[in-house]
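Protein chains in written order, with the numbering used here: chain A, 1 to 468; chain B, 469 to 713.
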Amino acid sequence: MRLEAVQFRRKAAEALDNERLQRALEKFPSRFVDTRAAALAELGNTEQLRDAAADIRARTLRDLDAWLRRFERAAAARGATVHWAEDADEANRIVTEIARAHGVRKAVKSKSMVTEECGLNEYLERQGLEVIETDLGEYILQLAHEPPSHIVAPVVHKSKEEIAELFEEKHRKPRKDDIAELCREAREELRPHFLGADMGISGANFLIAETGSVLIVTNEGNGRLVTTLPRVHVAVSGIEKVVPTLEDATTLLRLLPRSATGQAITNYVSLLTGTRGAGESEGPEHCHIVLVDAGRSRMLGTELEPMLRCIRCGACMNHCPVYQNIGGHAYGWVYPGPMGAVLTPALAGIEQALDLPNASTFCGACSEVCPVKIPLPDLMRHWRERQTEQRLRPRRERLLLRLWAWTALRPRLYAVVARAVARLLHGLGGSDGLVHRLPGASGWTRGRDLPAPPGLTFHALYRKRRGA
Amino acid sequence: MRVGLFVTCLVDLMRPSVGFAALELLKAAGCEVVVPQAQTCCGQPGYNSGDRAAARALALKLVGEFEDCDYVVVPSGSCAGMIRVHYPTLFRDEPAALERVRRLSARTYELTDFLVSVARLDAPPGEFHGVVTFHDSCSGLRELGVQRQPRALLARMPDLTLVEMREATTCCGFGGTFAVKYDDISTRMADKKCAHIDASGADAVVACDLGCLLQIEGRLRRRGDHATMVLHVAEVLAGEEGACG
Numbered sequence: 001m002r003l004e005a006v007q008f009r010r011k012a013a014e015a016l017d018n019e020r021l022q023r024a025l026e027k028f029p030s031r032f033v034d035t036r037a038a039a040l041a042e043l044g045n046t047e048q049l050r051d052a053a054a055d056i057r058a059r060t061l062r063d064l065d066a067w068l069r070r071f072e073r074a075a076a077a078r079g080a081t082v083h084w085a086e087d088a089d090e091a092n093r094i095v096t097e098i099a100r101a102h103g104v105r106k107a108v109k110s111k112s113m114v115t116e117e118c119g120l121n122e123y124l125e126r127q128g129l130e131v132i133e134t135d136l137g138e139y140i141l142q143l144a145h146e147p148p149s150h151i152v153a154p155v156v157h158k159s160k161e162e163i164a165e166l167f168e169e170k171h172r173k174p175r176k177d178d179i180a181e182l183c184r185e186a187r188e189e190l191r192p193h194f195l196g197a198d199m200g201i202s203g204a205n206f207l208i209a210e211t212g213s214v215l216i217v218t219n220e221g222n223g224r225l226v227t228t229l230p231r232v233h234v235a236v237s238g239i240e241k242v243v244p245t246l247e248d249a250t251t252l253l254r255l256l257p258r259s260a261t262g263q264a265i266t267n268y269v270s271l272l273t274g275t276r277g278a279g280e281s282e283g284p285e286h287c288h289i290v291l292v293d294a295g296r297s298r299m300l301g302t303e304l305e306p307m308l309r310c311i312r313c314g315a316c317m318n319h320c321p322v323y324q325n326i327g328g329h330a331y332g333w334v335y336p337g338p339m340g341a342v343l344t345p346a347l348a349g350i351e352q353a354l355d356l357p358n359a360s361t362f363c364g365a366c367s368e369v370c371p372v373k374i375p376l377p378d379l380m381r382h383w384r385e386r387q388t389e390q391r392l393r394p395r396r397e398r399l400l401l402r403l404w405a406w407t408a409l410r411p412r413l414y415a416v417v418a419r420a421v422a423r424l425l426h427g428l429g430g431s432d433g434l435v436h437r438l439p440g441a442s443g444w445t446r447g448r449d450l451p452a453p454p455g456l457t458f459h460a461l462y463r464k465r466r467g468a
Numbered sequence: 469m470r471v472g473l474f475v476t477c478l479v480d481l482m483r484p485s486v487g488f489a490a491l492e493l494l495k496a497a498g499c500e501v502v503v504p505q506a507q508t509c510c511g512q513p514g515y516n517s518g519d520r521a522a523a524r525a526l527a528l529k530l531v532g533e534f535e536d537c538d539y540v541v542v543p544s545g546s547c548a549g550m551i552r553v554h555y556p557t558l559f560r561d562e563p564a565a566l567e568r569v570r571r572l573s574a575r576t577y578e579l580t581d582f583l584v585s586v587a588r589l590d591a592p593p594g595e596f597h598g599v600v601t602f603h604d605s606c607s608g609l610r611e612l613g614v615q616r617q618p619r620a621l622l623a624r625m626p627d628l629t630l631v632e633m634r635e636a637t638t639c640c641g642f643g644g645t646f647a648v649k650y651d652d653i654s655t656r657m658a659d660k661k662c663a664h665i666d667a668s669g670a671d672a673v674v675a676c677d678l679g680c681l682l683q684i685e686g687r688l689r690r691r692g693d694h695a696t697m698v699l700h701v702a703e704v705l706a707g708e709e710g711a712c713g
């Protein structure tokens, strides 16, 4: 997926003006926030579960290399081949080689964010392969040539009407306006692809080290078809997705769907272990698992390591008031919202995403709902600190901050400056007691007035009162 | 008990009445209040802008000014959160300084939290006739657990009725320098807050942080609402609303 995070400001402004998008975003509070809260309230022990989940993920990351090797051994014992990709290019090359080795012409795909990171579809298409996304949302986006705007609900930015128009145009069938009918039409279109594909490509929600299994959760059943019907199954996963045991995975599964969509469990939970065994009726003849690093191991042992606990539920963006107002495309890459604001600079480079960690009020709603307790605001602050250290902040901002700190450390001077500013702002206030235009901080007064201060600072008044 | 009042730089500059109201409330609760005169800013603007060095210098300055107090009380959840939660992380690698900072952090309270949990103020001295709605400020709410305390105090005012607006705990969009750096997003967030305030039908919106109040009032007025009062919880509780010191 093309990296356009440097255009955050422009894209955010466009998003705010896009009425269709704004209508689509209105559903977040009821569709994601309320449903998550209700699903977790049913559990009753959310806090203990979150602690347990965070602990499982943190423990695994401490010995990530060992767990990954254990996974590789267990997967190999069940007939799967594990490949290691250091970066996106290598991952793409490995999948292409697997496709060539098995004479693959058509691949069906279930949802995978790491393959979005790699730009796998485009790469395979350039090599002459046909690749069909089969997750309904991803399928719609593939038809529309658009990137996903959410990691769980990739097409959340689109209305039913837009999808109806798109289907009418691309499928050349009479327009449907009913959601069930639209789904049926998509299923009809997808079925021949499932049956005709030589290779199925999936992601992985978890890799189970003790059994060598790939665990994926889906709601549409497409994941099951992708991973069992074609001769070859390729699972592509970030290296951080491994957990030690099935028991660990089930603990995380209690939180993942509840945090993501407010479901107690997804419609399908598939545990895929190796190739089809003798006497088994389903499963692929060949199973390959591609473990992608692409910047993740650089985060190990640093302040950013907690970010690797992420289980991709999307709760942070669902609850982020910035995301709720601008949607996912403004973030300019695979991962939007708070987790993207931390991950994008880590995986794609700090200078590629200067706005993302700054475009947050640090309200803390994200870390409050994170099922694995990632301190997202602290990690965004980490990036702000690196930007300051590497002189990547605008000159004017750096100067103002330095001037402010220098003055605030000198109480007498500070008092003089504060009194002058209070008087100035008081003077700028109109008869209604409001400043309508603020020279030097027009950002404030573009959309807001500033209530004018009374003109004397607290400390000046306090001294006066004590003197009197 | 000897309470040091940290009025915050925003209150000092923009709304002194909040500082005097806090002073009033602490005295009503029976505290001996001191206002160290060299206080300026807690360092949060630097901290949240990625300038750790500036934040550390200001943290040490504040600790020095308040460490002889039994408690530090702040009429702002975000500044109190800065001192209580974030100061220790600023010094996590320096055991000696950390120890000193921790001693102060642990004794630092947001105003309403202090009035309810420590000073046990039973009867707020102010009077307020009308309906108010309460906006939960993010840092106070999520870093310090300030949610029931201001509501409990407001409930003790006989002529005041509290109605809850929708999404009271959603950010108003202030976020310090965010409000200026990303003013379009910030303004849209304020818009949603204003709509909920409007729908609540309250005469006044009340919050524990002046940053939120400037943001909310600024947007309410620009939208043409000149009627809804925008008040700091201390002003309501002390009966100093609208007073300019």
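Yeah, the Cβ is synthetic: ideal placement off N, Cα and C, and Gly gets one too. The structure displayed is predicted, hence computed values, not measured ones.
Proximity test, Cβ basis, 8 Å: residue i and chain B
i      : result
F167/A : no
T46/A  : no
Q387/A : yes
A85/A  : no
D481/A : Residue 481/A cannot be examined here, being either before or after the span of chain A that is shown, 1 to 468.
N325/A : yes
G340/A : no
R391/A : no
V234/A : no
E368/A : yes
Y331/A : no
Contact under 8 Å by Cβ, residue i with residue j
i      : j      : result
A209/A : V234/A : no
I201/A : A107/A : yes
G433/A : P411/A : no
S573/B : P593/B : no
W84/A  : P244/A : no
G447/A : C606/B : no
E578/B : A623/B : no
Residues that residue i contacts on chain B, provided the C-beta gap is smaller than 9 Å
i      : result
H459/A : V475, D480, P484, G487, V503, Q505, Q507
V421/A : L481
CB contact below 8 Å: residue i versus chain A
i      : result
G710/B : Residue confidence is low: G710/B scores 47 on pLDDT, short of 50, so the model does not pin down where it sits. Its coordinate-derived value is still stated next. No, G710/B does not count as interfacial toward chain A.
M719/B : Only positions 469 to 713 of chain B appear in the structure, and residue 719/B is not among them; the question remains open.
P513/B : yes
A522/B : yes
R687/B : yes
Assumed close pair residue i, residue j - CB separation to whole angstroms, cut-off 8 Å
i      : j      : result
F28/A  : N318/A : 6 Å
P454/A : L481/B : So it is not a contact: roughly 10 Å between Cβ atoms.
V542/B : E500/B : 17 Å between Cβ atoms; not a contact.
S546/B : D651/B : About 19 Å; that fails the 8 Å criterion.
V292/A : S237/A : 7 Å
Cutoff 6 Å; reference residue i; Cβ partners in own chain excluding five residues on either side
i      : result
T457/A : A418, R419, A422
V217/A : N205, T266, V269
P338/A : C316, C320, C366, L376
Y123/A : N92
I653/B : none
T81/A  : H288
7 Å CB neighbourhood of residue i in its chain, flanking five on each side removed
i      : result
G637/B : Residue 637/B is actually Thr in this sequence, not Gly. The answer, listed in chain order, is D604, L609.
A330/A : F8, K11, A12, A15
E189/A : H171
L583/B : L493, A497, L589, L621
E116/A : M1, P148, V334
C477/B : T508, C509
Neighbour list for residue i in chain A, Cβ cutoff strictly below 8 Å
i      : result
G608/B : In chain order: nothing, as chain A lies at least about 10 Å away.
C639/B : P321, T361, C363, A365
S517/B : R384, T388, R393, E397, L401
Amino acids of chain A, ordered along the chain, whose beta-carbon sits closer than 7 Å to that of residue i
i      : result
M657/B : P321, N325
Cross-chain neighbours of residue i in chain A, by beta carbon under 9 Å
i      : result
L526/B : A405, A408, L409
L583/B : Those do not exist, as L583/B stays about 19 Å from chain A at its closest Cβ, beyond 9 Å.
Close beta carbons around residue i, own chain, < 8 Å, minus the five adjacent residues each side
i      : result
H102/A : D198, M199, R231, V232, H286
A359/A : F8, A12, V322, A341
Amino acids of chain B, ordered along the chain, whose beta-carbon sits closer than 7 Å to that of residue i
i      : result
Y414/A : T508
Under 8 Å from the C-beta of residue i: neighbouring residues of chain B
i      : result
L381/A : Residue identity differs from the one stated: residue 381/A is Arg in this sequence, not Leu. Simply Y515, N516, G518.
P557/A : Given a span of 1 to 468 for chain A in the structure shown, any question on residue 557/A remains unanswerable.
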